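Written out below as structure tokens is the structure these notes cover.
Number of protein chains: 2
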Amino acid sequence: MTTAPTTTAATIAAGSVPAPAGPAGAVRLRSRLDRELPHRFARSAATPESSHLRTEDVAGWLDERRATHRFQVDRIPFAELDGWSFQQDTGNLVHRSGRFFTVEGLRVATTSGPYRQWHQPIIKQPEVGILGIVVKEFDGVLHLLMQAKMEPGNPNLLQISPTVQATRSNYTKAHRGADVRYLDYFTDRSRGRVLTDVLQSEHGAWFYRKSNRNMIVEALGEVPLHEDFRWLTLGQVGELLRRDNVINMDARTVLACAPFSDAEGVALHSDTELLSWFTSERARHDVEAELIPLNQVPGWRWGERSIDHEDGRYFSVVAASVQAGSREVSGWTQPLFEPKGLGMTAFLTRRIDGAPHLLAHARVEAGFKDTVELGPTVQYTPSNYAHLTERPLFLDTVLNADPSRIRYEAVHSEEGGRFLNAESRYLFVDADETDAPLQAPPGYLWVTPYQLTRLLRHNHYLNVQARTLLSCLTSGAVRL
Amino acid sequence: MTTAPTTTAATIAAGSVPAPAGPAGAVRLRSRLDRELPHRFARSAATPESSHLRTEDVAGWLDERRATHRFQVDRIPFAELDGWSFQQDTGNLVHRSGRFFTVEGLRVATTSGPYRQWHQPIIKQPEVGILGIVVKEFDGVLHLLMQAKMEPGNPNLLQISPTVQATRSNYTKAHRGADVRYLDYFTDRSRGRVLTDVLQSEHGAWFYRKSNRNMIVEALGEVPLHEDFRWLTLGQVGELLRRDNVINMDARTVLACAPFSDAEGVALHSDTELLSWFTSERARHDVEAELIPLNQVPGWRWGERSIDHEDGRYFSVVAASVQAGSREVSGWTQPLFEPKGLGMTAFLTRRIDGAPHLLAHARVEAGFKDTVELGPTVQYTPSNYAHLTERPLFLDTVLNADPSRIRYEAVHSEEGGRFLNAESRYLFVDADETDAPLQAPPGYLWVTPYQLTRLLRHNHYLNVQARTLLSCLTSGAVRL
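Protein chains in written order, with our numbering: chain X, 1 to 480; chain G, 1 to 480.
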């Protein structure tokens with residue numbers, strides 16, 4: 001007989017889940033589902049103010065944190081990067097520790113889309129990071145512990161982020177900085193109750209098969225409050241999501257994964273039809289994406305301060321130096337990707353038989369783990385398409401929409417730790433049968449918001465742009 | 001404004017889902033969930049006989065089909081393969097059409113398990129195939145259209161398979177054979193209603209990131225019956241699953257994905273705890289698996305008739321010629337993988353607070369798309385471990401189990417189109433707190449059968465061995 005393995009605190013941390021002690025007959029099972037949870041989040045989304053920080057005082061608090069930290073970012077030539085260099089044989093841009101991330105080359109061949117074959121630089125960061133929000137009830141309403149966090153690529157440097165953004169390098173101390181605050185709520189199961197925990201992709205155009213854990217944990221016991229952090233209701237975050245560049249990308253993706261209550265038991269297509277459509281979209285696309293040495297990427301020019309596409313399109317690889325007082329380390333240098341132009345990212349919406357629906361698009365992005373994920377109806381960067389004669393589907397419907405049809409509009413920036421001034425205009429736009437028929441074209445499907453948020457319980461169904469827009473729904477920034 | 005795209009039959013087939021016609025206000029939404037469906041499958045599982053073919057006559061029918069088809073398989077030297085050859089520069093074994101599959105090399109580095117780094121041959125077959133079962137109600141009971149199908153690797157050649165097993169090469173006629181019968185039920189949405197449609201992995205030890213669509217479609221209208229096919233109830237298939245080598249692997253994986261009714265709203269761990277554990281298992285394992293040329297795989301010996309590991313372990317790559325009358329083509333040659341030894345694959349089971357639970361194991365297999373999937377408690381091939389001093393966890397509990405504790409036991413073979421005599425003994429074995437404590441060791445978790453079958457609505461949660469065992473539950477071959 002096998003001896004029953006003994007379980008220690010260390011083994012629990014390394015992949016074991018605590019179970020009730022005692023003989024099996026005495027154990028009480030629990031409900032598989034916590035049906036109250038979506039309502040608790042809905043209640044928080046419906047709460048527009050908090051006694052911890054009034055919404056009107058958020059801008060002042062951010063200014064105050066910005067002033068305290070004296071954060072400064074400068075572009076530098078690659079030669080001034082500290083610890084980063086181009087590898088001799090491959091040309092890959094790597095850190096001497098072998099950690100953080102690398103910039104490598106990617107060769108792509110696919111069977112659909114305006115481009116069928118191309119090469120590009122890409123960020124490889126195989127380690128899974130944690131994006132986590134600690135929540136706690138005050139006066140019967142869930143509050144979220146949000147951070148005022150500076151990131152070098154944000155146009156305004158400081159935005160509101162999740163409680164924790166930690167790469168594995170962060171929490172294993174690869175850069176020998178300070179501990180990541182509140183990280184133990186996400187790594188030690190005795191500190192809180194996990195409400196959401198799912199792997200989601202990041203930008204498939206710029207990252208090679210990157211994914212992060214999106215977590216929400218309800219704290220047990222008192223939570224000490226550091227001055228860079230404040231408790232906000234979900235409704236307050238929703239209000240802030242109506243403003244440009246306040247809620248950062250990592251916060252948006254975690255919020256999208258929050259439990260969302262089922263207003264609708266009905267939809268144009270059943271869940272099985274939706275899943276079958278998704279499966280057929282994954283199956284019908286062939287995408288071959290292969291890492292190659294960065295110095296074997298044709299069509300890109302290497303300069304002293306940037307690597308650029310020869311037509312000036314897509315993005316550039318650049319370098320920056322960072323000076324800061326509040327970061328886990330006080331200063332560093334790093335490469336960043338700087339996209340060209342403002343993106344345009346929108347869901348078309350329709351009420352069908354009274355119920356709001358969104359038009360989802362099954363998108364191929366070369367960096368996805370598996371051919372396609374669902375994106376918004378329109379996800380478009382002008383400079384990538386300006387030279388093509390064929391206009392992306394539904395783009396003009398968004399561009400020419402009468403203001404009365406725009407249900408939501410704000411500019412948000414993508415992950416400021418990797419991307420420099422990567423901004424996109426995010427919209428929900430009402431459509432009708434002429435713009436966007438119920439019989440959607442191949443690769444598109446009308447689905448309800450609830451159907452999409454249900455998929456966010458699982459890995460890699462929705463891309464990060466779709467998740468930004470869904471965070472506007474889970475937080476109440478827009479009501480359809 | 002964008003002109004509304006016109007939809008033709010061709011575009012519907014290529015990724016569009018039919019929607020009700022007419023103005024949005026007149027459209028009636030449908031239920032997201034078909035709550036009756038699991039009960040219809042349960043009713044079929046509870047029906048032990050059919051008027052179409054009595055269970056006692058199945059063996060005779062199979063013998064008759066076997067006699068009719070005069071199927072013969074012979075091992076041949078690689079030099080006698082027709083259309084297949086070793087590529088000059090890479091040594092990869094490829095077909096001259098560039099299709100079907102290739103045998104290449106794999107280099108693996110991982111941070112867990114008894115082996116941390118190795119090289120091996122692997123099958124690369126990037127195209128997604130269809131494994132599909134047509135179902136139809138007769139006298140109020142769902143029947144499954146099952147096929148008597150010969151596959152060269154099956155020890156008894158002919159077994160019962162799904163209605164359709166089609167690689168994309170099959171249905172695009174790469175081998176210029178006859179049409180695949182009943183395929184249009186899975187590609188033409190007007191022929192039936194999709195009940196299940198999900199991508200699932202195949203053997204991660206032998207396939208590089210392979211997945212297939214697992215589909216169940218309810219036929220609309222009359223279904224013509226070919227002599228290699230019979231209608232069986234799910235209960236009959238369950239009875240046949242109690243016998244060795246009757247129901248083939250492709251049938252088992254599709255059956256595992258069948259809707260399964262919720263006997264339990266409770267479990268030892270909530271669904272969120274289960275998903276969080278799965279996420280943490282995916283995140284904590286690093287697996288680097290990289291295709292390399294087959295002739296750069298160290299530790300393997302090339303012979304005229306086989307490629308073998310130098311210690312005689314794991315598997316061999318061999319070649320076979322096939323003569324048949326009933327196949328889509330009348331004869332062919334192909335490579336096969338021949339594993340060493342009989343596998344041992346088992347779920348430990350316990351009743352916890354009255355509810356049956358299974359002990360799932362988060363397994364790393366090098367060929368998975370994403371680090372880990374859930375497998376049975378024990379999945380073990382003796383020859384791979386005999387030289388190691390550390391015994392796999394829970395193996396001895398299965399090997400030494402008193403017969404009274406064995407709830408299910410049968411030998412099944414893996415996919416006979418790729419694997420030669422790849423047999424494993426599949427078991428459900430009752431355990432107690434001494435054998436397998438509720439506080440499971442790292443990488444293991446007690447879950448209910450319903451929790452696992454719910455995960456099978458989604459891609460790549462459960463490996464193919466776990467799916468074989470779950471098919472015994474969905475079909476009623478075993479009741480816990």
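Backbone N, C-alpha and C define an ideal beta-carbon position, used for all residues, glycine too.
Every value quoted in this text rests on a predicted model; they were computed, and no experiment measured them.
| Item | Value |
| --- | --- |
| Secondary structure of D430/G, DSSP reduced to three states | strand |
| R176/G burial status per 10 Å Cβ neighbour count (16 or more: buried) | Interpretation of R176/G is limited by its pLDDT of 45, a score under 50 that renders its predicted location unreliable; the figure taken from the coordinates is listed afterwards. Per the 10 Å Cβ criterion, exposed. |
| CB contact check: R32/X to chain G, cutoff 8 Å | yes |
| Interface residues of chain X facing K369/G [CB-CB closer than 7 Å] | K369 and D370 |
| Chain-ordered neighbours of T111/G on chain A, where CB pairs are closer than 9 Å | In the structure shown, chain A does not exist; the protein chains are X and G. |
| E273/G, DSSP secondary structure in three states | helix |
| Residue-chain proximity (T272/G, chain X), Cβ-Cβ < 8 Å | yes |
| Local Cβ density within 10 Å of E373/X, reported as buried at 16 or more and exposed below that | buried |
| T163/X - partner residues in DSSP beta bridges | Paired residues: none, contrary to the question. |
| Cβ neighbours of H95/X in the same chain (closer than 6 Å, five flanking residues each side left out) | G83 and W84 |
| Boundaries of the alpha helix (DSSP H) in which T110/X is found, first to last residue | Counting along the chain, T110/X falls outside any alpha helix (DSSP H), though it belongs to the beta strand (DSSP E) covering T102 to T110. |
| Interface flag, T90/G vs chain X, CB-CB below 8 Å | no |
| Backbone secondary structure at H52/X - three-state DSSP | coil |
| Residues sharing a beta bridge with E415/G, DSSP | BP columns for E415/G are empty, so no partner. |
| Expected contact under 8 Å - CB spacing of S424/X and G343/X to nearest Å | 3 Å |
| Coil, strand or helix - A346/X by DSSP | strand |
| Those residues which DSSP pairs with P335/X across a bridge | A319/X |
| Partner residues on chain G for V266/X, Cβ-Cβ distance less than 8 Å | L29, R30, S31 and R32 |
| Boundaries (first-last residue) of the beta strand (DSSP E) holding D250/X | Run containing D250/X: none in the beta strand (DSSP E); it sits in the alpha helix (DSSP H), M249 to A256. |
| Secondary structure of S471/X, DSSP reduced to three states | helix |
| Classification of Y408/G by the beta-carbon crowding that lies within 10 angstroms, buried from 16 upward | buried |
| Residues, ordered as in the chain, of the region 275-309 of chain X that lie near chain G by beta-carbon distance below 8 Å | L275, S276, W277, T279, S280, E281, R282, A283, R284, D286 and E288 |
| Which listed residue (A360/G, F186/G and L294/G) has its alpha carbon closest to that of A283/X | F186/G |
| 6 Å Cβ shell around A205/G - same chain, five flanking residues per side excluded | E365 |
| Chain G residues whose Cβ lies nearer than 9 Å to that of A355/X | L29 |
| Neighbouring residues, chain G, relative to Q451/X (Cβ below 8 Å) | R32 |
| Cα-Cα separation, R252/X to P339/X | 20 Å |
| Proximal residues of chain G, C-beta to C-beta of R213/X below 7 Å | T279 and A283 |
| C-beta neighbour in chain X for V378/G, strict 8 Å | no |
| Length of the line joining the Cα atoms of G105/G and H203/G | 16 Å |
| Which residues DSSP lists as bridging E423/G, in chain order | S413/G |
| Minimum Cβ-Cβ distance from T334/X to chain G less than 8 Å | The question names Thr, but residue 334/X is Gln in the sequence shown. Not one chain G Cβ lies under 8 Å of Q334/X. |
| Every unbroken beta strand (DSSP E) inside the region 20-97 of chain X [3 residues or more] | 72-76, 84-86 and 93-95 |
| CB contact check: R116/G to chain X, cutoff 8 Å | no |
| Neighbouring residues, chain X, relative to V198/G (Cβ below 8 Å) | L275 and T279 |
| N212/X - partner residues in DSSP beta bridges | G129/X and Q200/X |
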